[in-house]
Every structure is written in structure tokens, then in C-alpha cells.
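Throughout the sequence shown, residue numbering follows the numbering used here, covering 375 to 708 in sequence. Every residue, glycine too, gets a C-beta built ideally from N, C-alpha and C. Bear in mind that the values here come from a model prediction, so they are computed numbers and not experimental data. Here is the structure we will look at.
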Amino acid sequence: MNIYKLLQLNRKIKNHRIKFLGLYLLHKFNKRYLAVNLDPVMACNLRCKMCYFTDADYVKTLKGQFKEEELNQVAKTIFKRALKLQIGCGTEPTLYKDLVKVVELGKAYNVPYISITTNANLLDEEKIEALLKAGLNEFTISLHGVHKESYENFMKKASYEKFHNAFKAFEKLKKQYNFKVRINYTFNKDNFYELADFFKHFNGESFDILQIRPIQKIGNTEYNDFDLDSIRADYPQLIQNIKKQCKENHITLLAPNSIPKNQNTNASSLIFDYTFCYVSPQKFWKEGFDWKKESFNTYSKKIGWSNVLWSNIFKSEIELKSMANRLNYEIEFN
């Protein structure tokens, strides 16, 4: 299954009523439509300046990890409805000792696409291969700097050398396994221009997708300069150059055509909050869901979830605007 083709399809279907009709039917017929985002452990090995892990008070609230029996119950409760399993959403999954088992459980429940989001600093060839053998489809790698100086400045406690060693392993293992590597580059006014040197530092044979996204406020972070006006005029030309280089290297690019001046929700993201399912030792989908005792269908029926999806077919876009901040990414296929 090509997740990126689905993203592109979501963009092309402008009518939200059609989308919610589709979700309603998938839900009623017990089909997969959820993007399950699972944090198996509430910790991180880095202290990235644009991440809430630099807020000491907030970090104190992040506690716990799934025990084996709890992980099995998580899989039993939700994996049958997962179209995609994203391991690692707000924390670092490679700190979880049974990470391979999480992937194996996803495969056991026939989840079509399984991805891990990681800073890659704890990955080596052996660990990468173990995850691939378990059935992993994609590594999503967080990156906040192209050059060594900015990378280690923004991603505190990280090693530029360890990071690139992981990409050397990706390049090697791509000759043996079928999997994707996606780079998520978060830019601000201080690390934006070095994107021009991206392919001088990263081999196009080591990754498949490049996502470029502007900094967003996600808490009380150490780096808090969210003003992008100084680079707004230069953004289109730099992105055009990157598009050209991505095409030459057969890389899929995900990037907005321009830096948005506001944080309005776009039409493509209206269904996000109805397909997004966050799971961690501290939270499971929606408040009040006793996931250790209730099934997904039982709880959905209790809260009238199918009625919510059905009623959204008849609501206007204004009524459906989410409080969340989502960007409309242009997806360039090569």
C-alpha cells in the first residue's frame, strides 16, 4: 500500500462530504481507516530545541512504558482498524526494548503499513535489519539541520556521525530489503538556507521521501522564534531548486508551495481528527475509553461515533475547522 498515493488522493478530493461518507462506510463495515500513532515509551534520548522535551516541567509529566501484556491488549483492541501504524509520535521509540515486537504485532494483525518515527541516533545496521525482518515498511527520520554545527545545535545530545551512519546502513540494506526512508526536516529562519546544500550531505540512494515543514509552536520549547517573515520571499525559489534535485534523485518531495501566513486548517486536513488515533501509556484514543476492557466497536457505539461521521457529511467546512494546525503539502512524485 502506498501511503503517499493516499495523501495525494486526499488532496485531490476537495469535497469533504465525500471523504466523510467514505469514513462512515469504512467504520460501519468494520474496515481499516485509522492512523494509529503509538508511543510505547514516554521518553527521549535527545533534547531538541524545537521540541517540548526541552521543557523540564512538561517532561516530568511524561512517564511510563507498555508492559508486554498491555502491548498485546493494545494490538487486540485497535490494530484491526489500523490502516497505518506509526510507532513514535511525540517520543523516541528506539528507547523501547521490545520495539521489534511492536512491529511483529502490527504484522500479525495485518496492518498494511508500519512506520517508525525516530531521531536515528540509537539505530545501527543490526537494529535496522531486525526491524525490517519483523516487517517494518518505513523509517521516518527527524532532522533539524543539514550541516553538522546546526544539526548538533538544534538536536542537543545528538551525534552527526551516528546520524549519518544510520543512513549508510539504510543505503546498504536497501539493496536487500524493500522499505522506505522518509526525512522530516523542520525549518526555522536559522536553519532554512542550508537546505540548499541538502544533497551535498545526503545521498539520494539512502532515502526516498523528503518532507520540509516550517516550525510550529508545540509547547514551551527552548527555541521559540516562530517568525518566518525574513525568509518568506526566498522560500519559493529554494523549494523549486530542491524539487529539481529531488526529481534528479527520484525522491518524493512533500512541501508547501509557500510559507503560510496564518495557521488556518486546509480542506485536505478536515478528516485528520477523525482518522488520527493516539495511543500511549497515558492515553488511548479518546477520554473515557477503557481499552483494557472495552472493544473499539463497543466504545464507538457508546459515544455514537458512526453518527458523528455521518453528521459531518452535512456540515460546512467552517463548522469542521479543527483547532489543530495542519499544512497542505504538495506531493511531487518522480
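Would N562 be called buried (16 or more neighbouring beta carbons within 10 Å of its own) or exposed?
Numbered from 1 along the sequence shown, position 188 holds the residue referred to as residue 562. Under this definition N562 is a buried residue.
Counting Cβ pairs, one atom from each stretch, are 3 or more of them under 8 Å apart for the stretch 586 to 603 and the stretch 555 to 572?
yes
Exposed or buried, what is R455 when buried is set at 16 or more other beta-carbons lying within 10 Å of its beta-carbon?
By 1-based counting over the sequence shown, the position of residue 455 is 81. Flag for R455 reads buried.
Please give me, in chain order, every unbroken run of the beta strand (DSSP E) with length at least 3 that falls completely inside the stretch 565 to 595.
583 to 588
Going by C-alpha to C-alpha distance, which of K667, D599, C425 and Y470 sits closest to S654?
Locating residue 654 in the sequence shown gives position 280, counting from the first residue. Taking only the C-alpha atoms, the option nearest S654 is Y470.
Give the DSSP-derived three-state secondary structure of L668 in the structure shown.
The residue you call residue 668 lines up with position 294 of the sequence shown. For the sequence presented, residue 668 should be read as Glu rather than Leu. Looking at E668 - three-state DSSP - the assignment turns out to be coil, as it is neither helix nor strand.
Is the closest heavy atom of the ligand SAM to the C-beta of R421 under 7 Å?
The ligand SAM is not among the ligands present in this structure, which contains no ligands whatsoever.
Could you tell me the alpha carbon to alpha carbon distance between I625 and L436, rounded to whole angstroms?
One-based indexing of the sequence shown puts residue 625 at position 251. One-based indexing of the sequence shown puts residue 436 at position 62. Cα-Cα distance, rounded: 36 Å.
Leaving out five residues on either side along the sequence, give the residues of the same chain with a beta carbon under 6 Å from the beta carbon of N594.
Against the sequence shown, residue 594 aligns to sequence position 220. Result list for N594: D429, in chain order.
Determine the contact status of K666 and Q447, defining contact as a CB-CB distance below 8 Å.
Translated into positions along the sequence shown, residue 666 becomes position 292. Translated into positions along the sequence shown, residue 447 becomes position 73. In contact: K666 and Q447 (Cβ atoms closer than 8 Å).
Does DSSP put E706 in a helix, a strand or coil?
Within the sequence shown, numbered from 1, the residue matching residue 706 stands at position 332. Interpretation of E706 is limited by its pLDDT of 49, a score under 50 that renders its predicted location unreliable; the figure taken from the coordinates is listed afterwards. Reduced to three states, the DSSP call for E706 is strand.
Near L395, what residues of its chain come up, given a Cβ to Cβ distance below 8 Å and the 5 sequence neighbours on each side ignored?
Taking the first residue of the sequence shown as position 1, residue 395 is located at position 21. Here the set comprises I687.
Can you tell me the Cα-Cα spacing of H575 and K386, whole angstroms?
Translated into positions along the sequence shown, residue 575 becomes position 201. Translated into positions along the sequence shown, residue 386 becomes position 12. Rounded to whole angstroms, H575 to K386 spans 33 Å at the Cα level.
If you draw a straight line from the C-alpha of T491 to the C-alpha of E691, how long is it?
Residue 491 sits at position 117 when you count from the first residue of the sequence shown. Residue 691 sits at position 317 when you count from the first residue of the sequence shown. Rounded to whole angstroms, T491 to E691 spans 31 Å at the Cα level.
Can you give me the start and stop residues for the beta strand (DSSP E) that Y559 sits inside?
Reading the sequence shown from its first residue, position 185 is the one you call residue 559. K554 to F561 is the extent of the beta strand (DSSP E) around Y559.
Does A482 pass the burial test, meaning 16 or more other C-beta atoms within 10 Å, or should it be called exposed?
In the sequence shown, the residue the question calls residue 482 occupies position 108. With fewer than 16 Cβ atoms within 10 Å of its Cβ, A482 is classed as exposed.
Taking the runs of the alpha helix (DSSP H) that are 4 residues or longer, which of them lie wholly in the stretch 597 to 636?
Listed in chain order, they are 603 to 606 and 609 to 622.
Which same chain residues, not among the five before or five after V555, have their C-beta less than 6 Å away from its C-beta?
Within the sequence shown, residue 555 is the residue found at index 181, counting from 1. Result list for V555: F513, F544, F581 and D582, in chain order.
Looking at the structure shown, is K386 part of a helix, part of a strand, or coil, going by DSSP?
On the sequence shown, position 12 is the one that residue 386 refers to. Helix.
Scan the stretch 471 to 497 and note each continuous beta strand (DSSP E) run of 3 residues or more that stays entirely inside, going in chain order.
Considered as a whole, the stretch 471 to 497 harbours 487 to 492 as its complete beta strand (DSSP E) runs of no fewer than 3 residues, in chain order.
Could you give the DSSP three-state label for Q447: helix, strand or coil?
Here residue 447 refers to the residue found at position 73 when the sequence shown is read from its first residue. Helix, per DSSP.
Pick helix, strand or coil for I692, following the three-state DSSP scheme.
Locating residue 692 in the sequence shown gives position 318, where the first residue counts as 1. In this structure, I692 counts as helix in the three-state DSSP scheme.
Spatial neighbours of I633 within its chain, please: C-beta separation below 7 Å, excluding the five flanking residues on both sides.
Walking along the sequence shown from the start, residue 633 turns up at place 259. Cβ within range, chain order: P588, L602, R606 and Y609.
Within its chain, find whatever has a CB closer than 6 Å to the CB of L399; leave out the 5 residues flanking it on each side and keep chain order.
Translated into positions along the sequence shown, residue 399 becomes position 25. For L399, where only same-chain residues beyond five positions count, there are no Cβ hits under 6 Å.
Name the residue from G519, K531, S533 and Y551 whose alpha carbon lies nearest to the alpha carbon of L505.
In the sequence shown, counting from the first residue as 1, residue 505 sits at position 131. Closest by alpha carbon: Y551.
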